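Since the structure comes first, as structure tokens, the remarks are kept for the end.
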Amino acid sequence: MAGRLFRLLERQVTYYGPDIAKVFVFGKWHPMPRQLCAYGDAGVAYTYSGTRVPAKPWLPSLAAIRDVLAADAKLGHVRFNFALVNRYATGDNYIGEHRDSEPDLDPSAPIVSLSLGAQRDFYFRQPLMGEKVQLALAGGSLLAMQPPTNSHWLHSLPKRKRVQQPRINITFRRIVTSG
Numbered sequence: 001m002a003g004r005l006f007r008l009l010e011r012q013v014t015y016y017g018p019d020i021a022k023v024f025v026f027g028k029w030h031p032m033p034r035q036l037c038a039y040g041d042a043g044v045a046y047t048y049s050g051t052r053v054p055a056k057p058w059l060p061s062l063a064a065i066r067d068v069l070a071a072d073a074k075l076g077h078v079r080f081n082f083a084l085v086n087r088y089a090t091g092d093n094y095i096g097e098h099r100d101s102e103p104d105l106d107p108s109a110p111i112v113s114l115s116l117g118a119q120r121d122f123y124f125r126q127p128l129m130g131e132k133v134q135l136a137l138a139g140g141s142l143l144a145m146q147p148p149t150n151s152h153w154l155h156s157l158p159k160r161k162r163v164q165q166p167r168i169n170i171t172f173r174r175i176v177t178s179g
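Here it is as structure tokens:
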């Protein structure tokens, strides 16, 4: 099932160009070391690192996953209104250590991550205690960051030179909207 979804998304997702796939770090704009797209409810956008990422209308496959997640009691029956899709073409693509601390994220909702394609190492680091946790996220892995995980831990997907296959990661989020 995960392999079939990966192949479907490889055909269906059109990633944003460099006007959106960029971050503002240390006073300069930098291209993202991965491809990016987003889907969600009408009018919903996510802003981070100086970049506003607007949601395209839900793909049926992503809406179906969103609905399955909303039915899960362990996730608090949260109805996610936004899905960020990151594509890592090879192990040279990565996301640096960070926490998702943007004010438009609902702090009471989990962030749920679905990994498809190549297995990659995912790290959590607790900066005050220095504790580190490494997870190998294979295709089909589902990771839920329940509150307050994101407040106390940094996370990253480092480079892995030996990985030559692509990976798609979908993070389902609840964005606070007015109205």
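Residue 1 is where the sequence shown starts when you use the UniProt record's numbering, and the numbers rise one by one after that. Beta carbons: idealized from backbone N, C-alpha and C, even for Gly. Here the structure is a predicted model, which is why all the values come from computation and not from measurement.
Practice task
Compare the C-alpha of L59 against each of Y39, G76 and T51 and name the closest.
Solution key: On the sequence shown, position 59 is the one that residue 59 refers to. Closest by alpha carbon: Y39.
Handout entry: Option in S151, F122, S115 and V163 with minimal Cα separation from L5
Key = For this step, residue 5 is matched to residue 5 along the sequence shown. If we check each option's Cα against that of L5, S115 comes out closest.
Handout entry: Spatially closest choice to N81 from L62, V23 and P18, by CA coordinates
Key = For the purposes of this step, residue 81 is identified with residue 81 of the sequence shown, where counting begins at 1. Checked all of L62, V23 and P18; the closest Cα to N81 is L62.
Exercise for the section: In angstroms with no decimal places, state the Cα-to-Cα distance between L156 and A73. Expected result: Residue numbering aside, residue 156 sits at position 156 when the sequence shown is read from its first letter. Residue numbering aside, residue 73 sits at position 73 when the sequence shown is read from its first letter. What sits at residue 156 in the sequence shown is Ser, not Leu. Distance between the alpha carbons of S156 and A73 is about 27 Å.
Practice task
Have a look at the DSSP bridge pairing and note the partners of N86.
Solution key: Looking up residue 86 in the sequence shown gives position 86. DSSP output for N86 lists L36 and N169 as bridge partner(s).
Problem - Spatially closest choice to T171 from A55, H152, N93 and K159, by CA coordinates - result: On the sequence shown, position 171 is the one that residue 171 refers to. Out of A55, H152, N93 and K159, A55 has the C-alpha closest to the C-alpha of T171.
Problem - Backbone secondary structure at Q126 - three-state DSSP - result: Within the sequence shown, the letter at position 126 stands for residue 126. The answer is coil: DSSP assigns Q126 none of H, G, I, E or B.
Handout entry: Buried versus exposed, by CB contacts within 10 Å (16 or more), S178
Key = The residue labelled residue 178 in the question sits at position 178 within the sequence shown. By the neighbour-count rule (16 or more Cβ atoms within 10 Å), S178 is not buried but exposed.
Handout entry: S113, buried or exposed, once every other Cβ within 10 Å from all chains shown has been counted against 16
Key = Here residue 113 is taken as the residue at index 113 of the sequence shown, counted from 1. Buried: at least 16 other Cβ atoms inside 10 Å.
Problem - Inter-stretch contact at 8 Å, needing at least 3 Cβ pairs: the segment 100-112 / the segment 127-137 - result: Touching, no, given that fewer than three Cβ pairs across the two stretches are closer than 8 Å.
Handout entry: Touching by the beta-carbon criterion (3+ pairs, under 8 Å), the segment 147-165 and the segment 85-102
Key = yes
Problem - Inter-stretch contact (C-beta, 8 Å, three-pair minimum) for the segment 10-23 and the segment 36-52 - result: yes
Exercise for the section: Return helix, strand or coil for F80, following the three-state DSSP convention. Expected result: Along the sequence shown, one-based indexing puts residue 80 at 80. Coil, per DSSP.
Handout entry: Minimum C-alpha distance to I168 - residue among Q35, A42, I175 and S151
Key = If you number the sequence shown from 1, residue 168 lands on position 168. Of the candidates Q35, A42, I175 and S151, the one whose C-alpha sits nearest the C-alpha of I168 is Q35.
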